[in-house]
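The structure appears right after this line, and notes come after that.
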Amino acid sequence: MFCYDYARHLLLWHGTCLKYLASFRTTLKISRYLFRVLAFMLWSLGALLTTFYILDIVHEKESDIRQEYNLNFDQAQGYIRHSADIIRDIKYMAENRLNGTVGSLELFTGMMNGKDSQPEMKPLYPESNCALNSNYRDSITSLNSLIQYWKENFVAAYDLNRVFFIGSDSLCMTEFGSSNGITDRQNVLKALHERILKYRNAANSAEKDNNLYWISPSQQRPDVGYLYVMTPVYVGNKLEALLGIEQTIRLEDFVTTSNLPVGG
Numbered sequence: 054m055f056c057y058d059y060a061r062h063l064l065l066w067h068g069t070c071l072k073y074l075a076s077f078r079t080t081l082k083i084s085r086y087l088f089r090v091l092a093f094m095l096w097s098l099g100a101l102l103t104t105f106y107i108l109d110i111v112h113e114k115e116s117d118i119r120q121e122y123n124l125n126f127d128q129a130q131g132y133i134r135h136s137a138d139i140i141r142d143i144k145y146m147a148e149n150r151l152n153g154t155v156g157s158l159e160l161f162t163g164m165m166n167g168k169d170s171q172p173e174m175k176p177l178y179p180e181s182n183c184a185l186n187s188n189y190r191d192s193i194t195s196l197n198s199l200i201q202y203w204k205e206n207f208v209a210a211y212d213l214n215r216v217f218f219i220g221s222d223s224l225c226m227t228e229f230g231s232s233n234g235i236t237d238r239q240n241v242l243k244a245l246h247e248r249i250l251k252y253r254n255a256a257n258s259a260e261k262d263n264n265l266y267w268i269s270p271s272q273q274r275p276d277v278g279y280l281y282v283m284t285p286v287y288v289g290n291k292l293e294a295l296l297g298i299e300q301t302i303r304l305e306d307f308v309t310t311s312n313l314p315v316g317g
């Protein structure tokens, strides 16, 4: 009887041990899965926070770039607007001189101290006729003196190199307010030929009334170029001439100082 009870208790003890051992293994297995899930969740949270952090940096840089280029655009637009103001003033002077109704512009004549000089007319095409009558030549000479005075006293700080005057009928060109020759003359004349042809082939009058803008690079420095603006001059309803200006432009005139790269 004793042996039977002992065996029964021994079996019960082993059964209880096996039951607790199986329960422990199950708990351990579940704990492993839970720790894996927790680790994955922590990794996902870290990846999500890192993504948000990187996106925030990208958006901040994008905002800085947008603001930088907006400033550059405003600066370039201001420069072009100033060039348009210059050509408008010259156009006003030319129209009054060629019209013979100078009005208040005669006030400048007495201040020029005899700076009248005969501008040289140069042919742009083989068929150009540069012979001028005396009245027209006097008007051109007076306009030359007025622009020279105006250039020296009002726009000297804006790198206005020269003013072109191209007769509509004669197709001859003269320069106003220029003390040196044309830099890279062949390329300048080629560009003028192309713009004159473009103007004459314009489809409607609205295009012919607009200013033409173009830029030529400098042969000496990569960060320097020349801005050209050309506009028509009418006397009455007749196209009398094409006026153009040349200004020196620099990269710094269009780009503000920053750490952002400037693509070419």
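For what it's worth, this note's numbering labels the leading residue of the sequence shown as 54, then goes sequentially.
Idealized CB from N, CA, C, for every residue including glycine.
Only a predicted model underlies this, so the values are computations on that prediction, with no experimental measurement involved.
What are the partner residues of Arg303, as DSSP defines its beta bridges? Numbered from 1 along the sequence shown, position 250 holds the residue referred to as residue 303. In DSSP, Arg303 forms a bridge with Val277.
Practice prompt. Determine the extent of the alpha helix (DSSP H) in which Asn214 is found, giving its start and end residues.
Written response: For the purposes of this step, residue 214 is taken as residue 161 along the sequence shown, with counting starting at 1. Element bounds for Asn214: not the alpha helix (DSSP H) but the beta strand (DSSP E), Leu213 to Gly220.
message: Quick check on this structure: which residue in Lys204, Gln201, Glu180 and Trp203 has the alpha carbon closest to the alpha carbon of Gly220?
response: By one-based count along the sequence shown, residue 220 stands at place 167. Here the closest residue by C-alpha is Glu180.
Given a threshold of 16 other Cβ atoms within 10 Å of its Cβ, counted over all protein chains shown, does Asp127 qualify as buried or as exposed? As a first step, residue 127 must be located in the sequence shown, where it is residue number 74. Under this definition Asp127 is an exposed residue.
Whole-angstrom Cβ separation of Ile298 and Ile143, contact assumed at under 8 Å? Your numbering for residue 298 matches position 245 in the sequence shown. Your numbering for residue 143 matches position 90 in the sequence shown. With a Cβ gap of about 7 Å, Ile298 and Ile143 count as contacting.
- Message: On the DSSP letters alone, give me the boundaries of the alpha helix (DSSP H) that Ser319 sits inside.
- Response: The first residue shown for the chain is 54 and the last is 317, placing residue 319 beyond what the model contains.
Exercise for the section: With DSSP collapsed to three states, give me the class of Ser269. Expected result: Indexing the sequence shown from 1 puts residue 269 at position 216. Strand, per DSSP.
**Prompt:** What's the C-alpha gap between Leu158 and Met146?
**Reply:** To locate residue 158, count along the sequence shown from 1; it is residue 105. To locate residue 146, count along the sequence shown from 1; it is residue 93. In this prediction, Leu158 scores a pLDDT of 45, lower than 50, which makes its location untrustworthy; the coordinate-derived value is nonetheless stated afterwards. So the two alpha carbons sit approximately 8 Å from each other.
For Val304, collect the residues of the same chain with a Cβ closer than 6 Å to its Cβ; drop the 5 residues on either side in sequence, then sort them by chain order. For the purposes of this step, residue 304 is taken as residue 251 along the sequence shown, with counting starting at 1. The amino acid at residue 304 is misidentified as Val; the sequence shows Leu. Here the set comprises Asp276.
>> Based on DSSP bridge pairs, tell me the residues matched to Pro172.
In response: Locating residue 172 in the sequence shown gives position 119, where the first residue counts as 1. For Pro172, which the question treats as bridged, DSSP gives no partner whatsoever.
| message | Please report the distance separating the alpha-carbon of Leu102 from that of Gln130. | response | By one-based count along the sequence shown, residue 102 stands at place 49. By one-based count along the sequence shown, residue 130 stands at place 77. C-alpha separation (whole angstroms): 41 Å.
Along the beta strand (DSSP E) that carries Glu228, what are the first and last residues, could you check? Within the sequence shown, the letter at position 175 stands for residue 228. That run of the beta strand (DSSP E) goes Cys225 to Phe229.
Taking C-alpha atoms, which residue in Asn182, Asn152 and Pro172 lies nearest to Thr194? Mapped onto the sequence shown, residue 194 falls at position 141. Among Asn182, Asn152 and Pro172, the Cα nearest to that of Thr194 belongs to Pro172.
Subject >> Inter-residue spacing [alpha-carbon to alpha-carbon] between Asp191 and Met283 >> reply: Sequence index remark: in the sequence shown, residue 191 carries index 138 (1-based). Sequence index remark: in the sequence shown, residue 283 carries index 230 (1-based). Using only the alpha carbons, I get a separation of about 23 Å.
Original post:
Alpha carbon to alpha carbon, how far is Arg186 from Leu296?
Top reply: Within the sequence shown, residue 186 is the residue found at index 133, counting from 1. Within the sequence shown, residue 296 is the residue found at index 243, counting from 1. Residue 186 is actually Asn in this sequence, not Arg. Approximately 20 Å, taken between the alpha carbons.
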